[in-house]
Structure formats: C-alpha cells, structure tokens
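Protein chains in written order, with the working numbering: chain A, 1 to 303; chain B, 1 to 489.
Printed below as a string of structure tokens:
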C-alpha cells in the first residue's frame, strides 16, 4: 500500500517538476508564462499522435518536445517581441491548445479514444537499488523521464546560481533596462528560456500520454501546468524547493488513488479536488514577494 | 575623438534633441552643461547606444557606431554611469560587478570578481561593501560608486558620467576629481554631465552647453564667467536671487523629537535624537547619506515605529499637519504610472478633501491639478499627464506642491533639490522660504551644504544617528565637512 503510494507520488510529481523547472528559468528571465498549461496539453497530444502513428516512443517524445517549443515560440513572439500582456497571451495559448488538441483528437481518433492505446514507456530499474525493500520499487524502478526530471534539479540550480549564463538570465528578470545597458541581449535571453521551457513542458505533456495514461483524453493535463506555476511560488524560485513542492503535489495526487483504493466512506471527488485545493491555498498564502524576480511579468521593450 | 553629429530625438510630441553636434577629444574632461530637461541625459543615452536617435550618427575615432546598440557602444569603449544607478538591487555587489567587465574570462567565480574589483577600488581609493552584501541594503552613494567601478571595469575609452557629484559627500569630491584627472592623463575621454556651473568650471577642460535640446555654446573655455554660463543655460532668465530668508523663528514650538531611538539588528540607527522645531524657521540637518537620515524621515512619516523616545506635536498641531517630502521621489514620493492629479490625491489629507462619501470628486481634483501646474510652474500638458512624463525637476515641483496643498504646519524635506537644475531649485527653495515666512516649520535634511547654509536658521549635523547643533562660527564648508564625517561623535 505504502509502496504503491510512494511510487505513484514520484510518477505524479514528474510532469509537474519538469514543467516547473522550465517555468523557473522563464520567470528568472522576467516572464510569467500562464500558457504553460497549453504547452503541456499539446505536448501530450502530439506525443501520443506521433507514438501511435509512428510506432515509436522516441518519436513521440520528440513530437511532444517539438510542440511544446512551438507553443512557447508563439508566446515568445507575442510577449518578448511585441510586448503583449503576458497574462493575456498565456491565457490565449491555453485556450488555443485546448481547442486545437480537442479538434485534432476527434479528427484523428474519432470520438471513442479508448482503443488508441500506446505501449507504456519502459521501466528502467536501477540495478540493486531497485531491490531495496519498500524504497526500491518506489524510487528506483521508474522510466527514464522520472530520473531525468529529478537529475535536472541540481543542473538547473547550478546553472542559475553558479554560471555566468544564469547570472545574465537573472539580470534580465531583475532589471531588463540595466541588463540592456550592459550589453546583454534581453530579448535573446528570454527567447532562450522560453524555448528550453517549451521543451521541458512538452516533455511533461508527453509523459502524461506515453508513460502515465498511455492514451489521450481531452484536457488530459487537467491543470497540471497551473500546478507547476504554483510549485514555482511554493518552491520560492529555488530548484530544490521546486523538487520538494512537486513531491508534495505529487503526494496529494497519489493520495486520491490510495484513498479510492482503500474504499473509505468519504466521496472520492473530495480527494480528486485535493491537489487543486492545495494550489489555491498555496497561491493565497505564500506571498512570494520575497523571492520573485523584480521585473516578473512586466512587459519590456527597448526604447 | 568622440563625435555626435546632427542628433535629433523625439519623445512623443517633445523634441528632446534638435540637431545636436557634440565633440570631445581624447585626454579631456568635457562638461555637458544644461538645465534639467535640456536633453543632456538623452544625448548620453544616444551616445551609449541605449536610445536610438531619429536621425544623426555617433562616431568614435572616425568609425560610425551602430545606433541603438549598447553592446556595440560598450565594445567600442563607451561606458556610462547613470544618475539613478542602473544596478540589480536584489543581487550582491559582486554579481553586479560580474555583469560588468570584471571576471569575464575563465571560470565564473565571484571571489575572482571581488578580487579584481578590490584591486581597482584600492587604486581609486574607493571602499567596497562587505562580501555578499545585497545592493538594496546599501546607501545611494555606495551604489553610485559601485556603478562607477563597474563602468571602469570595461576600461572605457569614453566615460560618460551623469550628475555624478549629486550623491557624493564633499569629502569624497577631491578623490573623485583625482580619479577623473587620472583618466584624462591616460588619454581617455570623460564626458561630465552636470547642471552645476561651479563644478563644470573647476574640473572641465571645455564646456558644451545645451538648452532645450539645442547646443547653445560649443566647447567653450571653462574660464567663461559663471554669469555668462548661467545665461547660456537659462536663456534670458537669470538665476533668481535667494529671497529674504527668515532666520530665528517665532519660537513657538510645533514639533518635538524627544530622545528618539531606532535600533535595528542590534545597531542603533537613530541614537537619542532630540530636536525641537518651531514655526517661522527652516532648521537644517546636514549629513553624509546613510547616517540615519532616511530612517528619521520614515519615523516622521510614520512608516516606522521608534524603538524608544517620542515624537510629540504641540497642542495645536495634528498628525495630518506634518507633510513629508522623501528623497527618492520616484520610489517613495510619486506613482509614475498615475496622472498628476491622482498623485496629488495620494496624500490622505488631500484625498479626504476631494471625496464625497465613496466618490472621488474628479472635477475638483483636476482643478487643483491645474492650479498647481500654474502656481508651481510645472511643465505638464494637463492635470491628466502621467507623472512619468514629467522631468525630474517637475516631479519635484509636484511633490512640493502636494505638500503645500495640504496646508501643513510642518514640512520635512529630504534632499529635496538633489539633481534639480537652477530654476527648479530656486522655485523649490522659494516655496520653502515662503512657507517658513508664513509661520510654518521646516526641517530640511540635506547633504548639500550650499543649500543648507543659504536657507537655514539653525543648523544641525547628523553622524551615526546622533545630532549636534552647530555654532554660527562653525559654518564653513571645511568645518562642517569634518563634523559631517563624525569628528565630534
């Protein structure tokens, strides 16, 4: 029971963590991307479509990454080059992705999607580690994406705090005009952050269809992109904090399965709502003013 | 040789630069003199690539620079120090310097950056903050020094300084001038933007004067008499003489600060400060930035609570009758995205007056805005103009106007004329003098000794949170400089 709960926690935390790490880079560069939900959803759809028709998981992952990048490129064009309000642009992309994937899905797969299953991504048990009682199965017997997402945590932390590139990215988010005066190309830095984030978010979407559900249903991302946004706040703009917050949300989602399995008298819908309730509580209570980049969400255009 | 040719730049309907030609030679300190709003800063931004001109070009040693590219300007060797520091407030000073020319090669290592910076700083006689200190907790003058250091880290051929002395203490000025002379001796070009005639005459090799976006005198000698320079800067209008200054007040006490204490993290920032303000007088408080002035203003504005002591009002004064004009007008004084009349209504006392029930009386507030524009000579198209559209001097006039409209008994003014030109300074000073002459009490906190000596009846000095009254005999710049450096405490 506990093993299943922990395993499921890690599985549920993975797409959130992937998307949140990408969003962290974007926010450090001074942008807030609400369109992350849309990028994740299109990643999920196109990954499944490519894997189904192409018959290859790798092809599916590549398609997921590609569509995440495409959505973020539209966002970058709007908010970086045209200085459109970031909340408006992001919301528009969420709606666009929801509509687009829904239409394509019906077109390609018909209305009954149940038979359009793909093979789940292979698990890669990590040798003897996977044989540790209880913890082995829970932490060391997952597919490659789970390991990748957690391995990315120290990489992003190091990149942001210990490299010249990270410093420049944060400079763009702290005071774009000053960064510009020092010869940094703010537009380019923000584009780069959005492209990397698009790839990670698309990958997170691909994880949902190729490793978790093994099929697509409309709005399969179900708010996980928004959860990733609140994970960045709860994690206080630190990669390690993001990992902890992702596990917390993963646990909240896993709990709903555990509770349903236990068959308690409490209506299961309440557990379904748990992660979302947690999101609302986090956004309402953790102010986030302390650690947020100073120029977060402010449009910047060169004079 | 640095040359700007026929530079024109428009912002909306205003013509900031109108066919400006400017030239500076290697190995000279060239002063760019002009009033606020004359176009000095715009010209600097064009030369440094931060602003793209509508027409005209900048060349350095004959090679044209790509307009509107700070990267290219820096690469060509043009670095600028801005009047309000272009720094990353929430980062450490080492990170700020790493974004400049320090530690550019090899592994990214902030200790190497700090070591390089320390080497340059000790050459220049500048002091660096403690390791890892976050910038927003440092004083304004410290920040300006860091920006200067960062600019020098690029080893620029051309260094443009925008009003560098407005935040330096008198004691720091000599070292600063020495630094400029060293740069000149190395064959670099220093462009010094200022509105202070005396500085331009004392330090520059040649002076170019801008007025309303046009060059009115090109590369003239610093021997040009002050009076003549003033006329070039201001046009027909000569600087107004100081009005009759009321000295020795009515003696009627309005506000008493009694043994005021402020302790933060175990450090006393305000240390047993006792001061009585009376009507009909401007009381001065001189000091180097960072000795407790900002905190004192915040205590008087009631945004902070004292750790001990009290602020007592006389029987007939109410709390709402204290108007505070903070030093950082763009952060603490005005909301730049709001209109002029909305900014007036940010003052609770005025807001109350223009509110019916829950409704703002917009028509009346606008009328006040129009009245204020006329009375305080604010250059704004209408009361609906955004505060951001106003120049620095006009923003300050707006702040003073707002304080005066409150009809207060006490005005607390902190570095009120910092960065203002002659005309704006004279207007602001006259408003304070008129206010005191009509029986009001003024506490003028400033690091500008000329201003304090000209206006104040009683003059105090603040150092490390303690104050001391000065005797009239002590009021020479040299003696006051020593006192401000804490020679008595």
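By construction, the Cβ of each residue, glycine as well, lies at the ideal position given by its N, Cα and C atoms.
Where the beta strand (DSSP E) through residue i begins and ends
i: residue 274(B); result: 267-278
i: residue 313(B); result: 308-313
i: residue 343(B); result: That residue, residue 343(B), is in no beta strand (DSSP E); its alpha helix (DSSP H) goes 340-344.
i: residue 441(B); result: 441-446
i: residue 30(B); result: 28-34
i: residue 192(B); result: 189-194
i: residue 69(B); result: Residue 69(B) -> no beta strand (DSSP E), and no H or E assigned at all.
Three-state secondary structure (DSSP) of residue i
i: residue 102(B); result: coil
i: residue 359(B); result: strand
i: residue 125(A); result: strand
i: residue 79(A); result: helix
i: residue 266(A); result: coil
i: residue 146(A); result: helix
i: residue 494(B); result: Any answer about residue 494(B) is impossible in this case: the structure gives chain B only from 1 up to 489.
i: residue 475(B); result: coil
i: residue 253(B); result: strand
i: residue 19(B); result: strand
i: residue 132(A); result: coil
i: residue 259(B); result: strand
i: residue 56(A); result: coil
i: residue 141(B); result: helix
Cα-Cα separation between residue i and residue j, rounded to whole angstroms
i: residue 216(A); j: residue 77(A); result: 29 angstroms
i: residue 453(B); j: residue 306(B); result: 30 angstroms
i: residue 379(B); j: residue 390(B); result: 7 angstroms
i: residue 476(B); j: residue 457(B); result: 15 angstroms
i: residue 282(A); j: residue 252(A); result: 13 angstroms
i: residue 239(B); j: residue 232(B); result: Note that residue 239(B) has pLDDT 42, beneath the 50 cutoff, so the model's placement of it is unreliable and the number below is only indicative. Between residue 239(B) and residue 232(B), the C-alpha separation is close to 11 angstroms.
i: residue 241(B); j: residue 147(B); result: Confidence in residue 241(B) is poor, its pLDDT being 49 and thus under 50, which makes the residue's placement unreliable; the coordinate value appears in the next sentence. Roughly 36 angstroms separates the two Cα atoms.
i: residue 233(A); j: residue 289(B); result: 36 angstroms
i: residue 118(B); j: residue 167(A); result: 21 angstroms
i: residue 293(A); j: residue 237(A); result: 9 angstroms
i: residue 302(B); j: residue 87(B); result: 29 angstroms
i: residue 447(B); j: residue 33(B); result: 22 angstroms
i: residue 327(B); j: residue 464(B); result: 19 angstroms
i: residue 337(B); j: residue 430(B); result: 28 angstroms
i: residue 35(B); j: residue 27(A); result: 40 angstroms
i: residue 131(A); j: residue 2(A); result: 16 angstroms
Any chain A beta carbon closer than 7 angstroms to residue i
i: residue 108(B); result: yes
i: residue 154(B); result: no
i: residue 496(B); result: The first residue shown for chain B is 1 and the last is 489, placing residue 496(B) beyond what the model contains.
i: residue 71(B); result: yes
i: residue 50(B); result: yes
i: residue 15(B); result: no
i: residue 116(B); result: no
i: residue 147(B); result: no
i: residue 74(B); result: yes
i: residue 99(B); result: yes
Opening and closing residue of the alpha helix (DSSP H) in which residue i lies
i: residue 57(B); result: Where residue 57(B) is concerned, there is no enclosing alpha helix (DSSP H), although the beta strand (DSSP E) it sits in stretches over 55-60.
i: residue 24(A); result: 2-28
i: residue 45(B); result: 40-47
i: residue 84(B); result: Taken as a continuous stretch (DSSP letters only), residue 84(B) belongs to no alpha helix (DSSP H), as it is neither H nor E.
i: residue 413(B); result: Unbroken run through residue 413(B) is the beta strand (DSSP E), 410-414; no alpha helix (DSSP H).
i: residue 284(B); result: First-last for residue 284(B): 281-286, but that is the beta strand (DSSP E), not the alpha helix (DSSP H).
i: residue 233(A); result: 224-234
i: residue 172(B); result: 170-185
i: residue 101(A); result: 86-109
i: residue 400(B); result: 392-405
Short CB-CB distance (under 7 angstroms) between residue i and chain B
i: residue 189(A); result: no
i: residue 294(A); result: yes
i: residue 193(A); result: no
i: residue 30(A); result: no
i: residue 236(A); result: no
i: residue 164(A); result: yes
i: residue 18(A); result: no
i: residue 298(A); result: no
Residue i: contacting residues in chain A (beta-carbon distance under 7 angstroms)
i: residue 88(B); result: 171, 174, 175, 178
i: residue 309(B); result: Result: empty, since nearest Cβ-Cβ is about 31 angstroms, beyond 7 angstroms.
9 angstroms Cβ cut-off: residues of chain A touching residue i
i: residue 233(B); result: Neighbours of residue 233(B) on chain A: none; closest Cβ ~26 angstroms, over 9 angstroms.
i: residue 95(B); result: 167, 170, 171
Beta-carbon neighbours of residue i, restricted to chain B and to distances below 7 angstroms
i: residue 183(A); result: 70, 71, 74
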